[in-house]
Amino acid sequence: MKMRVINLIKRAAAVLLFAPAVALAAGASVNLDKAPVSTDPAALQHGAKLFVNYCLNCHSASFMRYNQLEKIGLSEQSIRDNLMFTGERVGDLMKIAARPAESKVWFGAAPPDLTLIARQRASGDGSGADWLYTYMRQFYRDTERSTGWNNVVFENVGMPHVFWQLQGEQVAKITENADGSKKVELSLAKPGTLTPAEYDKAVADLVSFLVWMGEPVAEKRKTIGTVVLIFLAGFFVLAYALKKNYWKDIH
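Residue numbers (numbering that gives the first Met the number 0): 0 to 250.
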């Protein structure tokens with residue numbers, strides 16, 4: 000009886016351990032474009048501007064405070080003047096007034112918090128940055144959707160294309176492959192205020208900001224990690240030399 004219970008526990012543990020991997024493997028594979036992520040302050044500042052003006056209306060960044068944007072080269076006054084519009088204090092979290100229940104009624108699902116979205120969207124297909132970069136460039140007109148938009152990367156997404164005035168309107172030519180999967184080819188039907196190259200750069204800046212927001216100390220962490228590895232390598236050489244000198248008379 001005891002062995003039976005142990006075997007059941009082992010099976011349950013195995014199911015819990017491998018269930019996420021099976022679920023991910025069962026999902027459709029997506030061809031993602033490589034995101035040109037930048038740490039340049041100008042790119043991050045432009046990304047912050049796009050985020051506040053286009054994303055922060057529906058999505059919160061509830062783990063990030065406005066004053067943290069000083070780390071990408073913005074002054075407190077520029078944050079107040081250009082990125083804060085409703086009387087928040089510079090030390091406040093980047094939250095929105097809309098309630099999740101109301102957003103669920105409007106969009107079918109509450110818009111996710113975006114503080115860690117660049118890390119959450121990582122998968123076997125690519126990094127979270129790659130997913131976001133591809134997703135924001137793959138919207139197309141779909142009159143059957145309530146929002147008027149659909150997306151190649153996230154089919155039947157509830158989010159409308161908030162950047163359509165910048166990118167323009169894409170239309171899709173959908174064909175079916177021999178294996179039953181769909182092939183979607185996009186073409187620009189109506190140009191936006193930006194050229195395709197300019198729009199790609201704008202999306203890249205936004206994604207760079209989202210990546211930075213997910214871990215503002217990433218560059219510092221990498222620098223510390225490099226210094227630690229160099230120290231350990233030097234210490235290993237000294238320790239090995241000491242060991243050889245200590246044991247040279249012992250055979």
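Ideal Cβ positions, reconstructed from N, Cα and C, are used throughout, including at glycine.
* Should the segment 171-183 be called in touch with the segment 218-229, which here means at least 3 C-beta pairs below 8 Å? -> no
* **Separation of N244 from Y65, as counted between CA atoms** => If you number the sequence shown from 1, residue 65 lands on position 66. If you number the sequence shown from 1, residue 244 lands on position 245. In a straight line, the C-alpha of Y65 is about 57 Å away from that of N244.
* **Residue span of the alpha helix (DSSP H) that contains R118, given as start and end** => Your numbering for residue 118 matches position 119 in the sequence shown. That run of the alpha helix (DSSP H) goes I116 to Q119.
* Could you please give me the residues that DSSP links to T174 through a beta bridge? => Taking the sequence shown and counting its residues from 1, one reaches residue 174 at position 175. Looking at the DSSP assignment, T174 forms a beta bridge with K182.
* Which same chain residues, not among the five before or five after E75, have their C-beta less than 7 Å away from its C-beta? -> Within the sequence shown, the letter at position 76 stands for residue 75. If we look at E75 and ignore the five residues flanking it on each side, its Cβ neighbours are N66, E69 and V89.
* Pull up the distance between the alpha-carbon of V161 and that of D141, whole angstroms please. => Taking the first residue of the sequence shown as position 1, residue 161 is located at position 162. Taking the first residue of the sequence shown as position 1, residue 141 is located at position 142. Taking the straight line from one Cα to the other gives about 15 Å.
* Give, in chain order, every unbroken run of the alpha helix (DSSP H) that is at least 4 residues long and sits entirely within the segment 71-117. => 75-82 and 99-106
* To do: Tell me whether the beta-carbon of D91 lies closer than 9 Å to the beta-carbon of H58.
  => As a working mapping, residue 91 is identified with position 92 in the sequence shown. As a working mapping, residue 58 is identified with position 59 in the sequence shown. The Cβ atoms of D91 and H58 do not sit closer than 9 Å to each other.
* To the nearest angstrom, report how far apart Y53 and G46 are at their CA atoms. => Numbered from its first residue, the sequence shown carries residue 53 at position 54. Numbered from its first residue, the sequence shown carries residue 46 at position 47. A direct Cα-Cα distance of roughly 10 Å separates Y53 from G46.
* Do the segment 123-142 and the segment 32-44 meet, that is, are 3 or more Cβ pairs less than 8 Å apart? -> yes
* Asked: What is the DSSP secondary structure of F50, reduced to helix, strand or coil?
  -> Here residue 50 corresponds to residue number 51 of the sequence shown, with the count starting at 1. F50 falls in the helix class under three-state DSSP.
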